[in-house]
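Heads up: the sequence shown runs through residues 205 to 407, numbered per the numbering used here.
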Amino acid sequence: MKKLIAIFIALMMILSLAACSEQPEDELIEVVPARGTTEEGFYKNEAFGISFDVPAEWYFLTDEEIAQTMGSTAEQLFGEDVLAQADYIYDLYCVDMESGTTVSINYENLGTIGEFTEESEYLETVLAQLLSGTNPGITATELSVANVGKTTVPCLNITLEAGGNTIYESIIVKKIGTWIGTVTMATLEEAELETLAASISFE
């Protein structure tokens with residue numbers, strides 16, 4: 205199971221970084237989101253209005269564990285000076301240790317590609333980059349919608365084969381200014397994606 209969870213996390217990293225691009229140092233950042241907070245299993249990022257009611261039995265990766273999956277250190281990713289200038293913020297990674305289901309929430313500064321006015325345009329770019337690159341294991345993709353709390357939002361659904369398993373992933377995003385908040389859900393049970401999305405709120 206630990207090997208499967210590692211596969212899930214690695215795939216989430218690949219997909220969440222799919223639309224990243226280098227930005228000029230003098231790019232004006234309209235919004236600088238702080239990292240979210242987690243209290244009694246409830247994650248909330250006030251800057252973005254994104255929250256996730258995490259199931260009680262789920263495990264939250266520590267900053268050290270997140271950094272390790274990236275081949276980095278917690279100080280290099282989450283140091284106070286680093287976050288103040290970051291164009292990409294790794295915020296939440298949590299996992300159901302029994303099923304391997306994972307959810308990650310990260311934030312990216314779009315910089316010069318911040319002209320996107322709709323979240324669906326961003327997801328179309330992510331999909332195009334995934335399909336144009338070398339991403340072994342992807343067997344199906346679909347641009348669709350998901351019910352997030354009481355809101356319907358665009359989403360990108362991806363089916364992958366990895367480690368002898370079929371993995372279902374769904375990416376939903378929320379844009380504010382030049383920043384995108386990305387929620388990536390991965391599970392072995394496709395029907396669970398709907399339940400996970402209903403536990404997330406975009407305020």
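All C-beta atoms in this analysis are idealised placements derived from N, C-alpha and C, irrespective of residue type, glycine included.
_CA nearest to the CA of W262, picked from E279, N249, C298, T242_ = Minimum Cα-Cα distance from W262 among the listed residues E279, N249, C298, T242 corresponds to C298.
*Can you tell me the Cβ-Cβ gap for D295 and N249, rounded? I've got them flagged as a contact below 8 angstroms.*
Yes, they are in contact, since the Cβ atoms of D295 and N249 sit about 7 angstroms apart, within 8 angstroms.
*asked:* Using only the alpha-carbon positions, how far apart do I233 and L287 sit?
replied: Confidence is the limiting factor: at I233 the pLDDT is only 43, short of 50, which leaves the residue's position unreliable and the question unanswerable from this model.
*Per DSSP, L364 forms a beta bridge with which residues?*
DSSP output for L364 lists I342, I371 as bridge partner(s).
*Decide if the stretch 238-257 is in contact with the stretch 395-405; the criterion is three or more beta carbon pairs, one per stretch, under 8 angstroms apart.*
Judged by Cβ distances under 8 angstroms, the stretch 238-257 makes contact with the stretch 395-405, as three or more pairs qualify.
*Looking at the structure shown, is D300 part of a helix, part of a strand, or coil, going by DSSP?*
Coil at D300, not helix or strand.
*Mind reading off the beta-carbon distance from L334 to W383? Whole number of angstroms is fine, and I expect it under 8 angstroms.*
For a cut-off of 8 angstroms, the C-beta gap from L334 to W383 is around 21 angstroms, too long to register as a contact.
*asked:* When you compare the stretch 344-361 with the stretch 370-386, are there three or more beta-carbon pairs, one atom per stretch, that lie closer than 8 angstroms?
replied: Flag = yes, the stretch 344-361 and the stretch 370-386 touch.
*Nearest to E365 by CA position, among L400, S336, T345, is which residue?*
Checked all of L400, S336, T345; the closest Cα to E365 is T345.
*asked:* Classify G337: buried if its beta carbon has 16 or more other beta carbons within 10 angstroms, exposed otherwise.
replied: The residue is exposed, with fewer than 16 neighbouring Cβ atoms inside 10 Å.
_Run of the alpha helix (DSSP H) containing V258, from where it starts to where it stops_ = Element bounds for V258: n/a, residue is neither H nor E.
*E312: first and last residue of the uninterrupted beta strand (DSSP E) it sits in*: Counting along the chain, the beta strand (DSSP E) containing E312 begins and ends at 306-313.
_Please report the straight-line C-alpha distance between T399 and M389, rounded to a whole angstrom._
Counting only the Cα atoms, M389 lies some 11 angstroms from T399.
*Rank S324, T370, G341 by C-alpha distance to the C-alpha of V349 and give the top, closest one.*
Nearest C-alpha to V349: S324.
*Please list, in chain order, all residues of the same chain as G353 whose beta carbon is under 6 angstroms from its beta carbon, the five residues on each side excluded.*
S405, listed in sequence order.
*Sort D267, E312, N369 by Cα distance to G381 and report the nearest one.*
Comparing Cα positions, the closest option is E312.
*One or two residues paired with L347 in a DSSP bridge*: Answer is L360.
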